[in-house]
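Undergrad:
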Amino acid sequence: GDSVTQMEGPVTLSEEAFLTINCTYTATGYPSLFWYVQYPGEGLQLLLKATKADDKGSNKGFEATYRKETTSFHLEKGSVQVSDSAVYFCALSNYRGSTLGRLYFGRGTQLTVWP
Amino acid sequence: DTEVTQTPKHLVMGMTNKKSLKCEQHMGHRAMYWYKQKAKKPPELMFVYSYEKLSINESVPSRFSPECPNSSLLNLHLHALQPEDSALYLCASSPSGTGGEGYTFGSGTRLTVV
Numbered sequence: 002g003d004s005v006t007q008m009e010g011p012v013t014l015s016e017e018a019f020l021t022i023n024c025t026y027t028a029t030g031y032p033s034l035f036w037y038v039q040y041p042g043e044g045l046q047l048l049l050k051a052t053k054a055d056d057k058g059s060n061k062g063f064e065a066t067y068r069k070e071t072t073s074f075h076l077e078k079g080s081v082q083v084s085d086s087a088v089y090f091c092a093l094s095n096y097r098g099s100t101l102g103r104l105y106f107g108r109g110t111q112l113t114v115w116p
Numbered sequence: 072d073t074e075v076t077q078t079p080k081h082l083v084m085g086m087t088n089k090k091s092l093k094c095e096q097h098m099g100h101r102a103m104y105w106y107k108q109k110a111k112k113p114p115e116l117m118f119v120y121s122y123e124k125l126s127i128n129e130s131v132p133s134r135f136s137p138e139c140p141n142s143s144l145l146n147l148h149l150h151a152l153q154p155e156d157s158a159l160y161l162c163a164s165s166p167s168g169t170g171g172e173g174y175t176f177g178s179g180t181r182l183t184v185v
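Just so you know, the protein sequences line up as chains A and B, in that order.
One gets our numbering by counting positions in the first sequence from 1 and adding 1 to each.
One gets our numbering by counting positions in the second sequence from 1 and adding 71 to each.
1. What first and last residue would you give for the beta strand (DSSP E) that runs through Met-103/B?
2. To the nearest angstrom, how far is the alpha carbon of Leu-149/B from that of Pro-116/A?
3. At what residue ranges does the region 84-157 of chain B contain a whole run of the beta strand (DSSP E), taking only runs of 3 or more?
4. Is Val-83/A helix, strand or coil by DSSP?
5. Taking the straight line between their C-alpha atoms, what separation do you get for Ser-73/A and Ala-28/A?
6. Could you tell me which uninterrupted beta strand (DSSP E) segments, each at least 3 residues in length, are contained entirely in the region 11-68 of chain A, listed from first to last along the chain?
7. What does Lys-153/A pair with, by DSSP beta-bridge criteria?
8. Leaving out five residues on either side along the sequence, give the residues of the same chain with a beta carbon under 6 Å from the beta carbon of Leu-159/B.
9. Please report the Cβ distance between Pro-157/B and Ala-102/B, rounded to the nearest whole angstrom; I am assuming they are in contact, meaning their Cβ atoms lie under 8 Å.
10. Where do the ends of the beta strand (DSSP E) carrying Thr-180/B lie?
11. Going by DSSP, what residues sit across from Ser-94/A in a beta bridge?
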């Protein structure tokens, strides 16, 4: 079945450090891939998405490229800020009729950025 | 309007109470979802409504009863809950049921069952 594997956290970085959070997926066909962010006490916000191979999603300095050959969608940011501290979820959606609207989430990665 | 609005934000209820969670969106989305999220875990799908019809029920106990009165509203009726049902309940919507467009989540209702 479809699934997402996300690197374990927590990840702790100093401000302005480079961030990578690894995400790989298992799915047949051509899933859509997402990164969601959840700030403390809040719901999930869509950070970026990619719907086909080689697409690059980007938002707020974060980037992720849909790599079909390595089934990966790693999240990167060149210089993190304290305000980026949150939990990040990698997710996929793979519409095949019978899996209508289902999002498959990774386990989430807690990021803490220190000043 | 690009939001999903959930009410209430916090709810404390006893195991014999009946309460309802409400979710509203005015983006014209035709698919709406209920997710349950325990602390430090990813959200778990509970129900999917597509074009106001229940499309997916993830074997959720009958003490949770969803309702979709119209394309903008989604309710979750709660009755005789257990303490282990305490969690963050998230509502989400998407333009259609295919999922490729992404999902908009509400900020959630934090439920505590005592």
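Yeah, the Cβ is synthetic: ideal placement off N, Cα and C, and Gly gets one too.
TA: On the basis of the data shown:
1. It spans 102-108 - the beta strand (DSSP E) in which Met-103/B sits, taken as one unbroken run.
2. Between Leu-149/B and Pro-116/A, the alpha-carbon positions lie close to 43 Å from each other.
3. Here the runs fully enclosed are 89-96, 102-108, 115-121, 124-128, 135-141 and 144-150.
4. Three-state result, Val-83/A: helix.
5. Spanning the two alpha carbons is a distance of roughly 11 Å.
6. Whole beta strand (DSSP E) segments, 3+ residues: 12-15, 20-22, 24-27, 33-39, 45-51, 57-60 and 63-66.
7. The shown model of chain A, from 2 to 116, leaves out residue 153/A, and the question about it has no answer.
8. Excluding its 5 nearest sequence neighbours in each direction, Leu-159/B has C-beta neighbours in its own chain below 6 Å: Gln-108, Gly-179 and Arg-181, listed in chain order.
9. In the sequence under discussion, the amino acid at residue 157/B is Ser, which differs from the Pro named in the question. With 8 Å as the limit, Ser-157/B and Ala-102/B do not qualify as a contact, their Cβ atoms being about 27 Å apart.
10. Membership of Thr-180/B in the beta strand (DSSP E) is indicated by the continuous run 180-184.
11. Paired residue(s): Ser-33/A and Leu-104/A.
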